[in-house]
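Visitor: When you read off a place in the sequence shown, starting at 1, and then add 5, the result is the number in our numbering. Provided herewith is a single structure, encoded as structure tokens, for subsequent inquiry.
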Amino acid sequence: MRCPFCGNDDTQVKDSRPTEDNSAIRRRRFCPGCGARFTTFERVQLRELTVVKSGGAREPFDREKLLRSMRIALRKRPVDADRIDRVVNSIVRQLESSGETEIPSTQIGEMVMQSLGTLDKVAYIRYASVYKDFREVADFNQFVETLKTDAADAG
């Protein structure tokens with residue numbers, strides 16, 4: 006593993022342990038070149054996933070992009086960072102175990118919407134406003150009314 010500080014190729018692992026949800030290995034590393042310490046995470050990747058955008062463009066699946074979008078929706082909300090990470094791990098595992106290598110971006114968006122719906126309703130609405138491309142206040146109102154109706158029907 007290359008040192009992110011000095012670029013030395015020869016770093017040493019000082020400590021390894023699984024993360025809390027056993028989805029990755031956390032490694033503390035030391036660089037003998039500059040003396041820096043840093044942490045890496047090793048995750049199992051079952052297959053290479055490609056995201057197929059709505060316009061037909063293809064790009065490699067990026068777990069960090071998924072995590073970032075959820076963190077933005079959940080910014081300043083009372084949801085623990087570890088819980089967000091577990092949800093992202095769950096979505097990634099579902100995608101990898103689906104057997105498909107090309108995943109439509111809409112499928113990922115729906116999975117995020119479903120997860121946010123159970124985590125935090127405000128984050129759910131925030132994400133939906135971008136995902137569903139709300140352009141008017143009426144779009145928000147209609148979406149919130151749908152949520153109210155769904156909650157009344159469920160309760």
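Think of the CB as a built atom: it goes at the ideal place given N, C-alpha and C, for glycine as much as any other residue.
#1: Please classify residue 10 as buried or exposed, where buried requires at least 16 other C-beta atoms within 10 Å of its C-beta.
#2: Helix, strand or coil for residue 137? Go by DSSP, reduced to three states.
#3: If we ignore side chains and look at the alpha-carbon of each, how far apart do residue 162 and residue 107 end up?
#4: Using 8 Å for Cβ pairs, my map puts residue 71 next to residue 113. What's the rounded Cβ distance?
#5: Hey, residue 75 and residue 45: beta-carbon distance below 8 Å or not?
#6: Would DSSP call residue 28 helix, strand or coil?
#7: Pull up the distance between the alpha-carbon of residue 102 and that of residue 24, whole angstroms please.
#8: Quickly, what does DSSP pair residue 161 with across the bridge? List them, please.
#9: Using 8 Å as the limit for Cβ to Cβ distance, is residue 38 near chain B?
#10: Over what stretch of residues does the alpha helix (DSSP H) that includes residue 111 continue unbroken?
#11: Which two residues bound the contiguous beta strand (DSSP E) that contains residue 70?
#12: Going by alpha carbons, who is nearest to residue 56 out of 122, 110, 127?
#13: Hey, residue 63 and residue 47: beta-carbon distance below 8 Å or not?
Guide: Reading it off the structure:
#1: exposed
#2: coil
#3: No answer is possible for residue 162: the residues shown for the chain start at 6 and end at 160.
#4: 7 Å
#5: no
#6: coil
#7: 21 Å
#8: Here the chain comprises residues numbered 6 to 160, so residue 161 is not present and cannot be evaluated.
#9: The structure shown contains no chain B; it holds only a single protein chain.
#10: 110-124
#11: Taken as a continuous stretch (DSSP letters only), residue 70 belongs to no beta strand (DSSP E), being part of the alpha helix (DSSP H) at 68-78.
#12: 110
#13: no
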